[in-house]
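Trainee:
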């Protein structure tokens, strides 16, 4: 308990884009409530702090910790474990922390391939062909950077998590609501949902909040929004656009479909689904309008990247999690991990 | 772990114990699966015996079991038995899971160690699954008292009469203008040689006059909805152009009709009929039909001779086809057979050589009411043959056509031989592969023909030709055959050849089967529920099969099957309602977002979409429990009883032994 | 369409007309024949019964050469005997690896080898009927064979169960349909798949001539102006020995025997000389005069059976006609 | 290593055809390797790709999906849905680097016990040749605290 008697708040950014942080700031004046009700002890994006300060804190001393980003390297895991020790309530915040998010799509490739793309492909001007090493013997002594994992993991795959708050990023309204709830709970005016619950989201799927007209579905072919002008009032899936809405937990007010782009499933599966992509595949395949193997194959050719399309933000949370080669690399890397 | 699970391993004598170490399996279950809630595991010689069942009941009562797993034969055999045992002991029957250790383990594997290991996995799968079972009540469906019988042949007629006599309504649908089927085309029936018409027509008349039978002839079923107890059947009544209520069956119209066409159906193409016609004199119903394709009035707009001469003004050229919808509780399919088209074997000459006849042609030829009034003559209509050959197994027992034995051809051929001999005194040759005369009085008939001097040549006929090689063959037919009893090629000069063609499934049997939701064997015959113990029921509740549609058989067998099917249906109607497996899907409204992906998943239209609430709902009355929508729902909002995600996924863990503590594998 | 082409000995000598006409009709139908380099005799009809391995080696060598000549994978043999021998060889080698090994051992002597199944052997009739098709044929017909009554004669080589797939082996019909497509009237010829006698005339003359008599007599009885064949052996027997047969039985039959490719050429309006017509011994001039004599429409379809009187019973229409 | 690898294959069967085919194989005492363990569904249309992924992720080396022949579904047309899902699932698995031979769709009517037995034998050998899949089941969620962390309300 601190001098000002306020419960402590922490937020951390693992393998992520930073969007989650912005989303928190996006709650506008509610951010003042956060400040009014919490003492922010650790929030690298917002204020300066050192890991050792956190290590110095007594265990369980942080009341609420929002951790966003996937676990991509040894540092991510180290801090996740640290904050788990220090925090009472650890929230997997955003798609990456919940199910790996976009970073987890690299579970389709090995670290070698990933580094190769990052440092040697056209995207990087690297004439000396420099590739960062895990350790470097400098005059001052050995410098070490975090060790990169082959398989990107979700937060709950390295530490126990109390709550999941999905979204890429989570909707600011939802964040505000959650913050309010926690504050109420602190005042004993509300009770928190059971551990392991998904907070800041609904129980059905995006279609619930989508205004587009829906009919019985029959898909004769898949296409993409850049290829034609979709009917603005009609369900995108019915127009052959692979919209993840039907399988995705609601709570985002169907922003993407409303704006005319297909849902990418960032709010993850509903309680009824164990594997987001499998569910979505089952549903989408079921409404393919053909009983002829050749024609079915032809129709499926319209989905060039199956895993990318059905596990856009959920691969780490899926049953298989990573491709066979990636797992093999991970297992060989395992010992010195 | 809150459940108390009992595991029971059956030896089935040595059937299972011979390959699976049953005591070891139960010992293992008690130990390794203790943590999963197994409180008792026993093995016993015959679990299905009353003693075995008592074992289970006793444990349920004394140990307070809340779940039961039985490892024995296939659930398709004894699931009801063990569910019954649980029920008697006060445990909801659906909290019992049966796993197959016999059909799917001991009988198909040889290595005892491996089989025992698999048995353990299978039991462990059952245990994990049963934990997630929920108490269920079987669905009770009322049985509509009316019955639909498709096909007015002898099997259908028999079934119709049996049921109608028991006092419940019957709809008898027949494609042709009259009931009677193939039997009405025959002259004599083997082996007794009693006149086919004489024994059939009385039954036909009774059907026509029966207060409980609604006859729909010249009509076809076009659609079937619903399920056992309550089918909604759509029937297309083709226009007869004759008013049934006015026609008195005097047949003047038939007499006066100026146009004659070859009768391809009843006369098997051997005789002619008028364009307004009854297939045969004793047709039931008595009123005729106008064959629109050939009617001069419909073709040219003039004639109307029938109308002019009809004393009761029953002719109605305006008549339109009618769509009738009926509700029935049970359906019997007695759709019969098509005769194998012997023209498909060109070297036998049917269609090329005038004096080669198909068996059905010959039936008409020797029929007293046929085109020649029963005179056995050659195609010219006058000449009496001096030598006649009968070829058996035409299109049967032949890998080019049908592998099966058509079962009636031998007896039919013997009957032909007798009739030819009796009516023409001609020399008769039978060319056969094997002589098959298994039923009552059949072989005696064969003996009789041997005494009558009919010649039997054992061998497959190579060809029937009109190309002579020797003077005595000039201008005659010649059968080239290998006589396998003397081991020689022979050429037999003949005047007439009869091809004893086999029986084939109706050309549209597959579509019909699909419409009624049953399936056909590779040969195309309707598949019965069990080849020995349930030859008249099908996999689809409420649909029964009778007669040749189920497989080649003779008249007595067809009659027996018709009656058997009727008895089964009557039993059902007596019970008034039927218990069905409560395997059903249901949608959790709070989780359904109305995405409508499931909407066209259901072939039984059990899923309806409520636009107002924007949610879908499953109608349990129509749901057949296939679970396709459950798997298709992207939100996981649809759950299926007995085969829930939880149950299947847990069984998986069990089968893969992921449930053992600590996790092995 | 491109095919490997195996003429075989006969087509270089007695059946030169067959070779000529085959190549002549190939062109308008857009078929290109690539003749197998340095091919040899297929072993003809008897050899296989004398020395199995040697005769298979002979055929296998041709197959190996065919593979070497062109990678087409499809080899057309107009001669039914060659067709059957090559097919048999490939099939037997496929079914018996030990035989294949022995045969390849023999081929190795000539620096060759043949992988069973790598060459699909096809009869010219098969290719024309199934690859080109009747529609394409009809389209090429400029002078329909209307009014010409022909007896289609397949011979026994293309009626061997287990070896021949392109037609019914009991009662083939492809040639019937082809001739109908050309406008000819096909008579019901029940002996169409029987043996022509092969070399029987050299072994037992009486028997050989009897077999020929049956065929020619039946064709004549059925009112055929011509017998149309697809096999040099059949043509040779029915044509070259027709005179001897007539003398032997004191008959005076005159039924010319032509190849189906010659009939096609005629229908396509090609010049008779270019088709080798006239090289047959039983002259076809008189018969061919009939072409175009009768007006359109009368020809084609099965002969109508006249009812003797109103007592006659109707009979089923034949199935196997086009 | 000298000892032969014994794969574990999970077979999903349809109550009306392939499960009965399996029974028939038993009744006919046809032999096939004990490496397959069957799960009964009411229809191949019930097959949720999740089941297949779960099997592979839980230690199975292969999965056989079996149902009635196209056009012969007991529920009229549901096996077509299974077929559509299978085609999509195969593409996903290929992308995940799972060998095609590990997941198979087999049609077997109630009468085809022999066919099912031989298909199973074939598949066991194929998967044996592919070797163990042993998909790492790492990352299973760690145990959570029994109840939500009690909040200490500041005085």
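Protein chains in written order, with the numbering used here: chain C, 6 to 342; chain Z, 613 to 1277; chain P, 8 to 329; chain B, 3 to 157.
Beta carbons are placed, not taken as given, at the ideal position from N, Cα and C, and that holds for glycine.
1. Does any residue of chain Z bring its CB to less than 9 Å from the CB of residue 109 (chain P)?
2. I need the straight-line Cα distance from residue 42 (chain P) to residue 211 (chain P), nearest angstrom please.
3. Verify whether the separation of the beta carbon atoms of residue 24 (chain C) and residue 173 (chain C) is less than 9 Å.
4. Helix, strand or coil: how does DSSP classify residue 1240 (chain Z) here?
5. For residue 141 (chain C), tell me which candidate among C:152, C:188 and C:276 has the shortest Cα-Cα distance.
6. Give me the Cα-Cα distance between residue 213 (chain P) and residue 53 (chain P), rounded to the nearest whole angstrom.
7. Shorter than 9 Å from the beta carbon of residue 296 (chain C) to some beta carbon of chain Z?
8. With respect to the beta strand (DSSP E) encompassing residue 92 (chain C), which residues constitute its N-terminal and C-terminal limits?
9. Kindly list the residues whose CB is nearer than 6 Å to the CB of residue 959 (chain Z), restricted to its own chain and excluding five residues on each side of it in sequence; keep chain order.
10. Just to make sure I have the definition right: I need the residues of chain B whose C-beta is within less than 7 Å of the C-beta of residue 923 (chain Z). Which are they?
11. When DSSP labels each residue in this structure, what does residue 987 (chain Z) get in the three-state scheme?
12. Report the neighbours of residue 1278 (chain Z) on chain C: residues whose CB is nearer than 9 Å to its CB, in chain order.
13. Pull up the distance between the alpha-carbon of residue 1279 (chain Z) and that of residue 940 (chain Z), whole angstroms please.
14. Assign residue 752 (chain Z) to buried or exposed, taking buried as 16 or more other Cβ atoms, counted over all protein chains shown, within 10 Å of its Cβ.
15. 9 Å is my cut-off, CB to CB: does residue 24 (chain C) come that close to chain Z?
16. What would DSSP say about residue 210 (chain C), mapped onto helix, strand or coil?
17. From residue 1165 (chain Z) to residue 1116 (chain Z), what distance separates their C-alpha atoms?
18. Starting from residue 156 (chain P), trace the beta strand (DSSP E) both ways and give me its first and last residue.
19. Would you please verify whether the beta carbon of residue 903 (chain Z) is less than 9 Å from any beta carbon of chain P?
20. May I have the straight-line CA-CA distance separating residue 314 (chain P) from residue 1025 (chain Z), to the nearest angstrom?
21. Do you know how far the Cα of residue 1082 (chain Z) is from the Cα of residue 223 (chain P)?
22. Look at the Cβ atom of residue 117 (chain B), then the Cβ atom of residue 65 (chain B), and state whether they are nearer than 9 Å.
23. Can you check which of these residues, C:329, C:39 and C:337, is closest to residue 182 (chain C) by C-alpha distance?
24. Consult DSSP for residue 669 (chain Z) and reduce its assignment to one of helix, strand or coil.
25. When DSSP builds the beta bridges, which residues end up paired with residue 888 (chain Z)?
26. So, are the CB atoms of residue 242 (chain C) and residue 225 (chain C) less than 9 Å apart?
27. So, with DSSP's three-state summary, where would you put residue 1 (chain C)?
28. Closer than 9 Å, CB to CB, is residue 278 (chain P) near chain Z or not?
29. Residue 2 (chain B) and residue 88 (chain B) look like a contact to me (Cβ under 8 Å); what is the Cβ gap, rounded to whole Å?
30. What is the C-beta distance between residue 167 (chain C) and residue 94 (chain C), in whole angstroms, given that I count them as a contact (C-beta under 8 Å)?
31. Counting only the same chain and skipping the five closest in sequence on each side, list residues whose C-beta sits under 8 Å from that of residue 1136 (chain Z).
32. With 7 Å as the C-beta to C-beta threshold (strictly closer), list the residues of the stretch 42-55 of chain B near chain C in chain order.
33. Buried or exposed, going by whether 16 or more other CB atoms sit within 10 Å of the CB of residue 985 (chain Z)?
34. Can you give the Cα-Cα distance for residue 304 (chain P) and residue 265 (chain P), rounded to whole angstroms?
35. Could you have a look at residue 253 (chain P) and say whether DSSP puts it in helix, strand or coil?
36. For residue 131 (chain C), does the three-state DSSP call read helix, strand or coil?
Mentor: Per the coordinate set shown:
1. no
2. 36 Å
3. yes
4. helix
5. C:152
6. 19 Å
7. no
8. Note, residue 92 (chain C): beta strand (DSSP E), 92-98.
9. 1075
10. In chain order: nothing, as chain B lies at least about 50 Å away.
11. coil
12. With chain Z represented from 613 up to 1277, any question about residue 1278 (chain Z) goes unanswered, as that position is not in the structure.
13. Since the first residue of chain Z shown is 613 and the last is 1277, residue 1279 (chain Z) is not available in this structure.
14. exposed
15. no
16. The answer is strand: DSSP assigns residue 210 (chain C) an E or B state.
17. Rounded to whole angstroms, residue 1165 (chain Z) and residue 1116 (chain Z) show a C-alpha spacing of 11 Å.
18. 156-160
19. No - not a single Cβ of chain P is within 9 Å of the one on residue 903 (chain Z).
20. In this prediction, residue 314 (chain P) scores a pLDDT of 49, lower than 50, which makes its location untrustworthy; the coordinate-derived value is nonetheless stated afterwards. About 29 Å.
21. 16 Å
22. no
23. Comparing alpha carbon positions, the residue from C:329, C:39 and C:337 closest to residue 182 (chain C) is C:39.
24. helix
25. Answer is Z:902, bridged to residue 888 (chain Z).
26. no
27. Absent from the structure is residue 1 (chain C), since the part of chain C shown begins at 6 and ends at 342.
28. no
29. Examination of residue 2 (chain B) is not possible in this model, given that chain B is present from 3 through 157 alone.
30. Going by Cβ atoms, the distance from residue 167 (chain C) to residue 94 (chain C) rounds to 5 Å, so yes, they are a contact pair.
31. The beta carbon of residue 1136 (chain Z) sits closer than 8 Å to the beta carbons of 1116, 1117, 1121 and 1122 from its chain, once the five residues preceding and following it are set aside; these are given in chain order.
32. Listed in chain order, the positions of the stretch 42-55 of chain B with a beta carbon within less than 7 Å of a beta carbon of chain C are 50, 51, 52 and 55.
33. Exposed, by the Cβ-count rule.
34. Reliability fails at residue 304 (chain P), whose pLDDT of 38 lies under 50, so the model's placement of it is uncertain and no value is given.
35. helix
36. coil
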